[in-house]
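J.: Under numbering that gives the first Met the number 0, the first residue of the sequence shown carries the number 0, and numbering increases by one thereafter.
The C-beta atom is built at its ideal place from N, Cα and C for all residues, glycine as well.
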Amino acid sequence: MQYEDDPEAHGEQAQVVGLETLAGRSAYKVQFVSPDKTVRYQFFDSESSLLVRTEWITGGRGKEKTDALLMSDYRPVGGLLFAHAITVERASGERVTYAL
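1) What is the residue span of the beta strand (DSSP E) that E19 lies within?
2) DSSP three-state call for E54: helix, strand or coil?
3) Tell me the rounded alpha-carbon separation between L50 and M70.
4) Taking Q41 as the reference, give the member of A22, I85, G23, A67 with the closest Cα.
5) For A84 and L99, what's the separation of their Cα atoms in angstroms?
6) Please report the Cβ distance between P34 and G59, rounded to the nearest whole angstrom; I am assuming they are in contact, meaning their Cβ atoms lie under 8 Å.
7) How many Å lie between T96 and A90 at the Cα?
8) Counting only runs of 3+ residues fully inside the stretch 35 to 84, write out the beta strand (DSSP E) ranges in chain order.
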């Protein structure tokens, strides 16, 4: 379960683990670890602070795989910015984009 408002209040541990380049822009990589030890990473654009990518790592014992969501085309709606395009990247290589 995700609690971006205050993950630690819900038993998740969060920490910034690096700065990476995504699509030519720098993004902070934040690691979230849930009470059941599920790990996910979220990437926030270093200039706008917008969420641009979320990764989930599943499997174990050398069989880890990563699925991801990429958020883009942010536009204002009611005074807030919302992603109008979300791309699903599966570990299998499948890639699908949903656009509003």
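T.: Well, looking at it:
1) Locating residue 19 in the sequence shown gives position 20, where the first residue counts as 1. 12 to 21 is the extent of the beta strand (DSSP E) around E19.
2) The sequence position of residue 54 within the sequence shown is 55, counting from 1. Strand.
3) Here residue 50 refers to the residue found at position 51 of the sequence shown. Here residue 70 refers to the residue found at position 71 of the sequence shown. For L50 and M70, the distance between alpha carbons rounds to 7 Å.
4) By 1-based counting over the sequence shown, the position of residue 41 is 42. Checking every option, the nearest Cα to that of Q41 belongs to A67.
5) Working through the sequence shown from its first residue, we reach residue 84 at position 85. Working through the sequence shown from its first residue, we reach residue 99 at position 100. Computed Cα separation, rounded: 6 Å.
6) Stepping through the sequence shown from its first residue, residue 34 is reached at position 35. Stepping through the sequence shown from its first residue, residue 59 is reached at position 60. Contact flag wrong, Cβ pair sits at about 17 Å.
7) For the purposes of this step, residue 96 is identified with residue 97 of the sequence shown, where counting begins at 1. For the purposes of this step, residue 90 is identified with residue 91 of the sequence shown, where counting begins at 1. Straight-line Cα distance between these residues: approximately 15 Å.
8) 38 to 44, 50 to 57, 64 to 76
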